[in-house]
Amino acid sequence: IIDSIHYAKRIQRALLASDGFLKRNLPEHFVLFKPKDIVSGDFYWANAIKSPFEGGKGDVVFLAVCDCTGHGVPGAFMSLLNISLLNEANIGKKIMQPDLILNDVRDGIIKALNPEGMDVEGKDGMDCILCAYNFEKNSLTFSCANNPLWIVRNKEVIEFKPDKMPVGMH
-1 IIDSIHYAKR IQRALLASDG FLKRNLPEHF VLFKPKDIVS GDFYWANAIK
49 SPFEGGKGDV VFLAVCDCTG HGVPGAFMSL LNISLLNEAN IGKKIMQPDL
99 ILNDVRDGII KALNPEGMDV EGKDGMDCIL CAYNFEKNSL TFSCANNPLW
149 IVRNKEVIEF KPDKMPVGMH
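Residue numbering for the sequence shown follows this note's numbering, starting at -1 and increasing by one per position.
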């Protein structure tokens, strides 16, 4: 069983934003990722695409930091589902606004885990911060679901309060 969980860790790590991708798109970054268990419900996700606004000028880099329901193997299942739904919303459906991406992910979680006819209503989902940084405009848009966003500017920490609603059924 432990060998299987370690193999699952390799799969899960492969789906996280790679160091090379982050260095190319966010040269001044760091990642602190210390899962409690071998596999984790915590994950980070990133994507970069051309902005469809103003003639497609400028790259927009998306970055999410997420904490899924559950720890260990159940949390890892949730992280894989959420990574897939983030990719589908941003890459597949080309949704560019963080709040709309998280709303789409929320709909996907509900459809996947609470199909019609189920007697048990699940509370699975994730807390998440999703940012979209437009390099040309030097602008940041974001959506916070149960987790605040902190920005350090001029050696001062600025906190943006989250919506008290996870990405999921509740």
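Where is the CB? At the ideal position from N, CA and C, for every residue including glycine.
Assuming Val37 contacts Ala15 (C-beta within less than 8 Å), just tell me the rounded distance between them.
Actually they do not touch by this definition, with Cβ atoms about 17 Å apart.
Between the beta-carbon of Ala62 and the beta-carbon of Gly39, is there less than 8 Å?
No, Cβ-Cβ distance for Ala62 and Gly39 is not below 8 Å.
Return the CA-CA distance between Gly90 and Ala12, expressed in angstroms with no decimal places.
For Gly90 and Ala12, the distance between alpha carbons rounds to 19 Å.
Throw me the rounded Cβ distance for the Ala143 and Cys126 pair, which I believe falls under 8 Å.
About 5 Å; that satisfies the 8 Å criterion.
Are the beta-carbon atoms belonging to Gly68 and Ile107 less than 8 Å from one another?
Cβ distance not < 8 Å, so Gly68 and Ile107 don't count as in contact.
In the DSSP assignment, the alpha helix (DSSP H) including Ala110 goes from what residue to what residue?
Taken as a continuous stretch (DSSP letters only), the alpha helix (DSSP H) holding Ala110 covers Pro96 to Leu111.
Leaving out the 5 sequence neighbours to the left and right, which residues in its chain are closer than 7 Å to Phe19 when beta-carbon positions are compared?
Closer than 7 Å at the Cβ level, and outside the excluded window around Phe19, lie Ala44.
Measure the C-alpha to C-alpha separation of Cys66 and Lys135 and round it to an integer number of angstroms.
Taking the straight line from one Cα to the other gives about 32 Å.
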